[in-house]
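Protein chains in written order, with this note's numbering: chain S, 128 to 382; chain Z, 2 to 215.
No residue lacks a Cβ here, since even glycine has one placed at the ideal position from N, Cα and C.
One structure below.
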Amino acid sequence: MQKVTDNIFLLVIFAMLGTFILAAAFILFFVQYQRRLTAQKEAMQKAELDHSEKLLHATLLSQEEERKRIGRDLHDDVGASLSNLKMIMAQTIQSADEKPVYKPLIDNIITSVRSISHALSPPGLALFGLENTLHELFDTFNAAGMLHVQFENGLAGKLDSFNEQTSLALYRIIQELLTNTIKHAEAKNVIIKTFTEADINIISFQDDGKGLSSAEGKKPGMGMQNVEARLRMIGGFSEMPTTEKGFLIKISVPE
Amino acid sequence: MDAKFFMQFTVPISILLPIFLGLVKYRTLRQPAKIILLYVIVSALANGFSIIISKYGHMNNMPVVHVYTVVEVLIIMTYYKAVLEHRKKNSLYLSIAIIFTVVSIVNALFFQSIYLYNSYTRSLEAIICLLFAINYFAKAASAPSTHKVLKEADFYFNAGFFLYFSGALMLFIFSNFVIQNLKSPDYLIIWAIHAGLVLLMYLLFSIGFLLCKK
C-alpha cells in the first residue's frame, strides 16, 4: 500500500477556506433571495395601492356623475312638476275667500328641491366658474350663521381657468373642510386664502377651532381621506403646518 | 505586519471597535444587541486574561479556553433565544445549555485535560452556533414583512457568528493535530487565518452596532 503523504497544513487550510466559502456563498444567496423577495413584495404592494387608488378615483367620478344626474332630475323633473302643480292649483282654486295655504307649502318644497339639487351638483361651476360658486357656498354657510367664512382671493381670474375636474374637486374639498370644521372643530371663523407661492397655486384653509390632536393628525378620518383622494386625483397635495390655534391646511393645486 | 503581530496585537485590539460602538450606541441597543455587547466584552476580558497569564505569567492558558467555551456558548444561546423569540422553546435552550456544560466538564475531567486544547467541545460549540445561525436565516427568509435584511443589526451579528464558526470549525476539529504536528510558520499561518475570521466577526458586529436605531 502506498504511504499517504498529505500535508496536514494544506488540508486544514483547504477545510477552513472551503467551509468559509460555503458559508459566505450561503449568505450571499440569502441576501439576493431576500432582495428579490422584498422587491416582489414592494411591487405587489404598489400594484395593490395603484389598483385601490384607481378604484377610489372611479368611485369618486361615478359618485359625481350620479350626483349630477340626481341633481338634474330633481331640478328639471321634480322642480318643474312642482311649478306646474302650483299653476294648476292656482287655476283650479279660484275662491277669493279661501287662503291659498298650499302656495307657501309648494314654494317651500320647490326651494328645498332646488337647494338639494344645487348641493348635489353645483350648477354654477360650469356656468359661472369656481370663484362665483365658492362665493355662493360661503354665502350659504354665512347665512346659516354657524360659521363666519372669510375669503381672500389672491388668484382672481385664475380660479376660473381650472378645468372642470379640478374645479369640482377643489369645490368638494373646501365643502368637506367646512363641513368638518362645523362637525368637529368648534370654530367660529374660517379664513380661506388663495395665492401663489413659488409659482404654485395655494389654497389655505384655517379655522380658529380646537385644532387636531396628535392622534387625529396621524390617522385621518373619512372626510380627510376623501380630501386627499380628490387631491391625488387632480395631481395636487396638501400639508398641515402646525399653527398656534385651530386647524390649518395648505393645498397646492397644479396649473 | 507578521502573523504573530497580527494575532497578538491587531486582532485583540480590534475587539475595542465593537465595544466602543456598542457603548456609544448603548441607548439604541435592543436586548439581542446588548447580549452581543456583553459577548464582546467577555471575549475581550477572556482574551486579555489569557494573553497576560501566558505571556507574563508563563502559564498554560488552556484552562481559560475551557471555561470561556462554556461561557461563550451560554451567551450566544441567550442571544439566539432573544433574536429568534422562541418563547415556547425555553426548555430546548435550557437543555442545550445544561447538556453542553455537563459535556464540557466531562470532557475536561476524562477526555481532554484542562491543559490541552478542548477541540471536542470547541467543535461542538461551533456546530451548535451554526445550527442557530441557520435557524436565524430560515426565520428571516420566511418573515412576512418587506424589511430590508441588510439594514438589520441582527443580520450582521448572525453573519459574524456564521462566518466565524463555519471557517473555524475545521480548525477546532483539527486543532490538536495542528498543535502536535505543525511547526512555525505553518502553525502560525493557520492561527492567523483564525485570527482573520475573528477580525471579520468583530467588523460585522461593529456594522451591526452602527445600524442599531431606537
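Could you pull the DSSP bridge partners for residue i from this structure?
i: Ser105(Z); result: Answer by DSSP bridge pairing: none, since Ser105(Z) is not bridged.
i: Gln277(S); result: Ile318(S)
i: Ser379(S); result: Ile329(S) and Phe364(S)
i: Glu324(S); result: Ile327(S)
In terms of residues, what are the limits of the alpha helix (DSSP H) holding residue i?
i: Asp177(S); result: Ile135 to Asp200
i: Ser248(S); result: Per DSSP, Ser248(S) belongs to no alpha helix (DSSP H) and is neither H nor E.
i: Arg299(S); result: Glu291 to Asn307
i: Cys130(Z); result: Ser120 to Ala142
i: Asn177(Z); result: Ala154 to Asn182
i: Leu286(S); result: Element bounds for Leu286(S): n/a, residue is neither H nor E.
i: Ala193(Z); result: Asp187 to Leu212
i: Lys60(Z); result: The sequence given here places Met at residue 60(Z); Lys does not occur at that position. From DSSP, Met60(Z) is part of no alpha helix (DSSP H); its letter is neither H nor E.
i: Gly23(Z); result: Leu17 to Val25
i: Leu212(S); result: Ala207 to Thr219
Starting from residue i, follow the beta strand (DSSP E) in both directions and report where the run begins and ends.
i: Ser331(S); result: Ile327 to Asp334
Please list, in chain order, all residues of the same chain as residue i whose beta carbon is under 7 angstroms from its beta carbon, the five residues on each side excluded.
i: Pro249(S); result: Thr260 and Tyr298
i: Trp192(Z); result: Met8
i: Phe50(Z); result: Val65
i: Leu212(S); result: Ile233
i: Ala196(Z); result: Phe7, Met8 and Val12
i: Arg357(S); result: Leu187, Ala296, Arg299 and Ile300
i: Ala45(Z); result: Ile16 and Ile20
Output needed for residue i: all residues of its chain with C-beta closer than 8 angstroms, excluding positions within five of it in sequence on either side, in chain order.
i: Arg28(Z); result: Lys215
i: Asn269(S); result: His275 and Val276
i: His262(S); result: Phe278
i: Gly206(S); result: Ile237, Val240, Arg241 and Ser244
i: Tyr157(Z); result: Leu205, Phe206, Ile208, Gly209 and Leu212
i: Tyr116(Z); result: Asn61, Met63 and Pro64
i: Ile301(S); result: Leu261, Leu264, Ile319, Ile330 and Phe332
i: Leu339(S); result: Met367 and Phe374
Excluding the five sequence neighbours on either side, which residues of its own chain have a C-beta within less than 6 angstroms of the C-beta of residue i, listed in chain order?
i: Ala154(Z); result: Ala34, Gly209, Leu212 and Cys213
i: Ile220(S); result: none
i: Val84(Z); result: Pro33 and Asp155
i: Asn177(Z); result: Tyr118 and Ser120
i: Glu313(S); result: Gly336 and Lys337
i: Val158(S); result: none
i: Thr102(Z); result: Val71
i: Tyr81(Z); result: Phe133
i: Leu30(Z); result: Cys213
Any heavy atom of the ligand NAD within a distance shorter than 7 angstroms of the CB on residue i?
i: Thr132(S); result: Looking for the ligand NAD in the displayed structure turns up nothing, as the structure carries no ligands at all.
key: Meets three-Cβ-pair contact criterion under 8 angstroms: the segment 53-60 of chain Z and the segment 24-42 of chain Z   = no
ask   = Three or more C-beta pairs closer than 8 angstroms, one from the segment 19-39 of chain Z and one from the segment 74-88 of chain Z: is that the case here?
value = yes
ask   = Counting pairs of beta carbons, one from the segment 124-141 of chain Z and one from the segment 180-200 of chain Z, are three or more of them closer than 8 angstroms?
value = no
query = Would the segment 194-212 of chain Z and the segment 159-171 of chain S be scored as touching if the rule is three or more Cβ pairs under 8 angstroms?
reply = no
ask   = Would you call the segment 133-146 of chain S and the segment 169-185 of chain Z in contact, with 3 or more CB pairs under 8 angstroms?
value = yes
key: Segment contact flag, the segment 354-364 of chain S with the segment 375-382 of chain S, C-beta cutoff 8 angstroms, min 3 pairs   = yes
task = Check whether the segment 320-335 of chain S touches the segment 346-355 of chain S, taking contact to mean three or more Cβ pairs, one atom from each stretch, closer than 8 angstroms.
result = no
message = Can you confirm whether the segment 273-286 of chain S touches the segment 301-317 of chain S when touching is taken to mean that 3 or more C-beta pairs between the two stretches lie within less than 8 angstroms?
response = yes
task = Determine, using beta-carbon pairs with one atom in the segment 274-294 of chain S and one in the segment 229-246 of chain S, whether at least three such pairs fall under 8 angstroms.
result = no
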